[in-house]
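Same order as they appear, the protein sequences are chains A and B.
Quick note: the first sequence, position 42, residue 42 per the working numbering, numbers continuous.
Quick note: the second sequence, position 78, residue 556 per the working numbering, numbers continuous.
The beta carbon of each residue, even a glycine, is placed where N, CA and C say it ideally should be.
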Amino acid sequence: MKFRTLLGVAAILALTGVSAPAADKDAADIAVEAAKKYAGTTISIVWEAGLQSLDPLNYSGPKWEKLTGIKVKVVEVPTDQMFTKIMQDFKSGAGAYDALNVIPSWMPDLAGAGALEPLDKYVDKFGYRDELQDIAAAYRDNQMQYDGKIFGFPDDGDVMLLYYRKDIFEDPKMKEGFKAKFGYELAPPKDWKQLDDIGQFITDKMAPKVYGAGFFRTAPYPQYMFQERFRMEGGKFFNADTMKSTVNSDVGLKVFKQMLAENKFMPPGVEQWNFVDNLAAFLQGTTAMTISWPPYGRWAAGYGSGEEALKWVPKSQVAGKVGYALTPLGRPELGVGFDLSVSATSKNKEAAYLFIQWLNSKKTSLERVQLPYTLRDPFRLSHYASEKYRALWPDAPAYLDTIKTSGEKGLLDLSLLQQDKYDEAMTKAISSLWAGEDPKTILDRMAQQFDAITEKVGIENQKAVYKVWAAKPGAYPQ
Amino acid sequence: MMTFSLSFNGTEHRRPSRLGRVLEDRLPYLIVAPAILVLLLVGLFPLIYSLIVSFQRITMTDNDTSFAGLLNYAELFRDTRLWASLGHTAIITAIALPLELLIGFLMAQLFIDRMPGRQLFVALLVLPTVISPIVAGATWRLLFDVRFGPIGEILSFFAGEPIRILWTVNPAYVYPAIIICEVWQWSPFMFLLLLAALSNVDQSQLEAAEIDGASYLRVLRAIILPAIAPVIAVACLIRGLDLVRIFDIIWALTEGGPGSMTETISLYTYVQGFSQFETSYTAAISFLVIALLTLITTLVLKRMEIAR
């Protein structure tokens, strides 16, 4: 064959794509093709018990089996027991779990102990690195790596949003009255002082039918609110040189006092509210503002109300009346989140990896974040831009845009060695706050507990982990 | 080997050999040996293993399993939250146990006389004890709820103004809430035991006392209480030990809050073991509790003279 003929054939092949079939394939297809060699095997995946696990049980698990012949056994574990189960499996070396759902703030403990499989070699082998770039920076930069290696794929766009009643905020009488009283427009609050003004104003005008705001106040939720507000007011959790806790600073005191004072314009008994109490109040229209994770927005719009699994969600009385905004001061807490990881003791590591690549891929994850019942929230740039998602309800574009902006600005949860102990100290402190104990006393005790935990873990070890965490873009507002 | 014969009822029996006699003497032990072995395996082995663990440095989050000596036990004495949790346990036990005994006794007195429908009423009264404590706690949480709970409504009706008590948040009400739930669930247990005990009190003594014109209090002090004292002692011991182990009701009602105000020793042990992952330290706490309970139980048994 003459050189020119060869060149021509090559050009035709290149143009028709015959010479490079893999280039056409996205990460989901690559994972499916590669996984077919494991057909007939079973992989187990640890998943949050409850609604969340309906994703692998009803949707992704059966679909993966159909595509690859690999069965998925879903091990449902309550959230507060997931860490223990994962560590127990790792310590025993039993290898009972192949793929894992991991809360990113556990990463220092789990990756540090060696319980998670480093994923970089698989990412390169199965061409997934490009698609990872589509994951929103807040999650990609903060929740994926430990010590420079990938240990998990961010799989849930958890971030706190402010929801407010547009019909009340846009009511001419309310607008006029508010402007006359406070001298600025009634609009989603830009800071916590404005939230107080608006909340009290609405309560004064509309309670007991509608209260200005309602927040969840029982463990473990309020500690995420505290973490966000404390940092946004300028607080630091530790002195980076000594690792002495500084949560009992004036900033901490200011935030605690503000949080306590807000209860006065919220419905009676708000101190006892959990996720569902708060959801019910907002969906029934008895609170004009709340802060929570993205599913509130979908359910408030009535999306998925026909689903059997969502029968426990009160019927929304506020569909079409809900606006979405950034939380006051504009840097919302990411709040929990989930990574997909592979267990270091898995006997089917590659099959497990291929399953999580497929789950996490652009194509599959877009389907999963639209499932109304699984509590998986948009976390990719392509999710926010999806025309299909944006057409799901009239305000879906505003919802996705707010999630996108919130995600871009999101603050990362504190993540240290034995983070659960710090979380517990914060949770107990906030519980004491609602009980009426002196805020300064509570904060001093919390700081002492932080210091005791740090000393027990080892000051130098913890200092190193804190340094890495504090250098992340979402750790402290720049 | 020497053998000789014995005759009973005209039947001749050969006296067994020495080996046979030894086997015969040991037969009861041989029969129970497998059961003892199983008990040792399932009971003693975990106990010994956890004792060993309590002298190590095992936590869920690192691989250090080295010997720690008495470090964990020394830590117990510095742990203010541990001693606070023991204090909370003592408070709940000290209030709930006498209340359950008193209410159980009064109910038993009411039902001691035969009456139509007595069995049905007794069955209904005993119902709370068959409910799982976690369900009882969750039910009372709803009853106390400031928005949906009927207790607030009932109190408001009698007060003539809205009464909103945050039972599980307000420090002034959180112990009453726990005690009410606990007493509601377990007084019927006392009632059942005491009803049985009262039914067995010597009627002739009671009738004689009545003929002599003795007052009820005198009869109670001189006849009834001495007669049912062993049952009271056993009932108090069973319920006392249960109260020291109280977990479910508090978990459902307050989760140990507000703060750590109602955290009992069981809750604290659970938190240390399964939330804080301090395996060795949790084992040390468990042995402290075992030691305390052994001491208290021995003293109580000795005091009540029912150990004989």
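Inter-stretch contact (C-beta, 8 Å, three-pair minimum) for the region 612-629 of chain B and the region 722-736 of chain B:
yes
In angstroms, rounded to a whole number, what distance separates the CA positions of A/G458 and A/E131?
Translated into the one-based positions of the first sequence, residue 458 of chain A becomes position 458. Translated into the one-based positions of the first sequence, residue 131 of chain A becomes position 131. In a straight line, the C-alpha of A/G458 is about 38 Å away from that of A/E131.
Between B/V500 and B/I581, is the Cβ-Cβ spacing less than 8 Å?
Numbered from 1 along the second sequence, position 22 holds the residue referred to as residue 500 of chain B. Numbered from 1 along the second sequence, position 103 holds the residue referred to as residue 581 of chain B. Contact: no.
On the DSSP letters alone, give me the boundaries of the alpha helix (DSSP H) that B/D690 sits inside.
Here residue 690 of chain B refers to the residue found at position 212 of the second sequence. Run containing B/D690: 681-690, per the alpha helix (DSSP H) assignment.
By DSSP, does A/R165 sit in helix, in strand, or in coil?
Against the first sequence, residue 165 of chain A aligns to sequence position 165. Residue state, collapsed to three classes: strand.
Which residues in chain A have a C-beta closer than 8 Å to the C-beta of B/L549? List them in chain order.
Position 71 of the second sequence, counting from 1, holds the residue named residue 549 of chain B. By Cβ distance, chain A contributes nothing, its closest Cβ being about 12 Å from B/L549, past 8 Å.
Continuous beta strand (DSSP E) stretch holding A/T290: start and end:
For the purposes of this step, residue 290 of chain A is taken as the residue at position 290 of the first sequence. Looking at the DSSP string, the run of the beta strand (DSSP E) that includes A/T290 is 289-292.
For A/S365, count neighbouring C-beta atoms within 10 Å of its own C-beta (all shown protein chains included) and say buried if the count is 16 or more, exposed if not.
Position 365 of the first sequence, counted from the start, is the residue given in the question as residue 365 of chain A. Label assigned to A/S365: buried.
What number of angstroms, rounded off, separates the C-alpha of A/E228 from the C-alpha of A/L412?
Residue 228 of chain A sits at position 228 when you count from the first residue of the first sequence. Residue 412 of chain A sits at position 412 when you count from the first residue of the first sequence. Near 9 Å, if we compare the C-alpha coordinates of A/L412 and A/E228.
Does any residue of chain B have a CB that is nearer than 8 Å to the CB of A/D420?
Within the first sequence, numbered from 1, the residue matching residue 420 of chain A stands at position 420. Yes, contact with chain B.
In chain A, which residues lie less than 7 Å from B/R496 when you measure between Cβ atoms?
Your numbering for residue 496 of chain B matches position 18 in the second sequence. Per Cβ cutoff of 7 Å: no residues; B/R496 is ~52 Å from chain A at best.
Where does the unbroken beta strand (DSSP E) through A/N101 begin, and where does it stop?
In the first sequence, residue 101 of chain A corresponds to position 101, counting from 1. Here the beta strand (DSSP E) through A/N101 covers 99-102.
Which whole-angstrom value is the C-beta distance of A/E117 and A/A344, which I expect to be below 8 Å?
By 1-based counting over the first sequence, the position of residue 117 of chain A is 117. By 1-based counting over the first sequence, the position of residue 344 of chain A is 344. About 5 Å separates the two Cβ atoms, so the contact holds.
Mind listing the chain B neighbours of A/M87? Cutoff is C-beta to C-beta under 9 Å, in chain order.
For the purposes of this step, residue 87 of chain A is taken as the residue at position 87 of the first sequence. Under the 9 Å cutoff, chain B gives M538, T539, F755.
So with CB distances below 8 Å, who are the chain B contacts of A/K428?
Looking up residue 428 of chain A in the first sequence gives position 428. Here the neighbours are G735, G737, S738.
Partners in chain A for B/V647, counting only beta-carbon separations shorter than 7 Å
Position 169 of the second sequence, counted from the start, is the residue given in the question as residue 647 of chain B. Correct list: E271, Q272, W434, A435.
Identify the contact partners of A/E424 in chain B, using a Cβ-Cβ distance below 8 Å as the criterion.
By one-based count along the first sequence, residue 424 of chain A stands at place 424. Those are V749, S753, Q754, listed as they occur along chain B.
Find the nearest neighbour of A/D141 within the set A/I430, A/G112, A/P104, A/V123, judged by alpha-carbon distance.
Here the question's residue 141 of chain A lines up with position 141 in the first sequence. If we check each option's Cα against that of A/D141, A/P104 comes out closest.
Applying the criterion that 16 or more other CB atoms from any shown protein chain within 10 Å of the CB defines a buried residue, is A/Q418 buried or exposed?
Position 418 of the first sequence, counted from the start, is the residue given in the question as residue 418 of chain A. It is buried - the Cβ of A/Q418 has at least 16 other Cβ atoms within 10 Å.
For a contact meaning CB atoms closer than 8 Å, what does B/V624 contact in chain A?
As a position in the second sequence, residue 624 of chain B is number 146, starting the count at 1. Chain A residues near B/V624: P268, G269, Q272.
Short check: CB of A/A288 to CB of A/R390, under 8 Å?
Locating residue 288 of chain A in the first sequence gives position 288, counting from the first residue. Locating residue 390 of chain A in the first sequence gives position 390, counting from the first residue. Contact flag unset, no.
A/Q418 - DSSP class collapsed to helix/strand/coil
Position 418 of the first sequence, counted from the start, is the residue given in the question as residue 418 of chain A. It is coil, neither helix nor strand.
Is the shortest distance between the beta-carbon of B/R535 and the beta-carbons of chain A less than 8 Å?
Looking up residue 535 of chain B in the second sequence gives position 57. Answer no: the Cβ-Cβ gap between B/R535 and chain A never drops below 8 Å.
Is DSSP giving B/M782 helix, strand or coil here?
Numbered from its first residue, the second sequence carries residue 782 of chain B at position 304. Here B/M782 sits in helix by DSSP.
Among the residues of its own chain, which have a CB less than 8 Å from the CB of A/K179, if the five just before and after it don't count?
The sequence position of residue 179 of chain A within the first sequence is 179, counting from 1. Same-chain partners within the cutoff: E185, L186.
Please compile the residues from chain A whose C-beta is within a distance smaller than 9 Å of the C-beta of B/R642.
As a first step, residue 642 of chain B must be located in the second sequence, where it is residue number 164. Chain A residues near B/R642: P268, G269.
According to DSSP, which residues form a beta bridge with A/I135?
Here residue 135 of chain A refers to the residue found at position 135 when the first sequence is read from its first residue. DSSP output for A/I135 lists A/R380 as bridge partner(s).
Report the option in B/A655, B/A711, B/I632, B/F533 whose CA atom is closest to the CA atom of B/I763.
For this step, residue 763 of chain B is matched to residue 285 along the second sequence. The shortest C-alpha separation from B/I763 is found at B/F533.
Does DSSP put A/V479 in a helix, a strand or coil?
One cannot answer for residue 479 of chain A here, as it falls past the ends of chain A, which runs 1 to 478.
Just verifying my parser: in three-state terms, what is the DSSP assignment at A/S432?
Taking the first residue of the first sequence as 1, we reach residue 432 of chain A at position 432. A/S432 falls in the helix class under three-state DSSP.
Spatial neighbours of A/H383 within its chain, please: CB distance less than 8 Å, with the 5 preceding and 5 following residues excluded, ordered by chain position.
Numbered from its first residue, the first sequence carries residue 383 of chain A at position 383. For A/H383, where only same-chain residues beyond five positions count, the Cβ hits under 8 Å are G157, S365, L366, V369, Y389, L400.
Option nearest A/V159 by Cα separation, candidates A/G177, A/Y139, A/E170, A/F151
Taking the first sequence and counting its residues from 1, one reaches residue 159 of chain A at position 159. Nearest option by C-alpha distance: A/Y139.
Could you work out which residue in B/E756, B/Y759, B/V767 is closest to B/T796 when comparing CA atoms only?
In the structure as shown, chain B starts at 479 and stops at 786, and residue 796 of chain B therefore has no counterpart that could be examined.
Residue interval of the alpha helix (DSSP H) (run including A/Y353):
Numbered from 1 along the first sequence, position 353 holds the residue referred to as residue 353 of chain A. 349-360 is the extent of the alpha helix (DSSP H) around A/Y353.
Tell me, please, whether the CB atom of A/S431 is closer than 8 Å to any CB atom in chain D?
Among the chains of the structure shown, chain D does not appear; the protein chains present are A and B.
Whole runs of the beta strand (DSSP E) within the region 264-313 of chain A, excluding any shorter than 3 residues:
289-292
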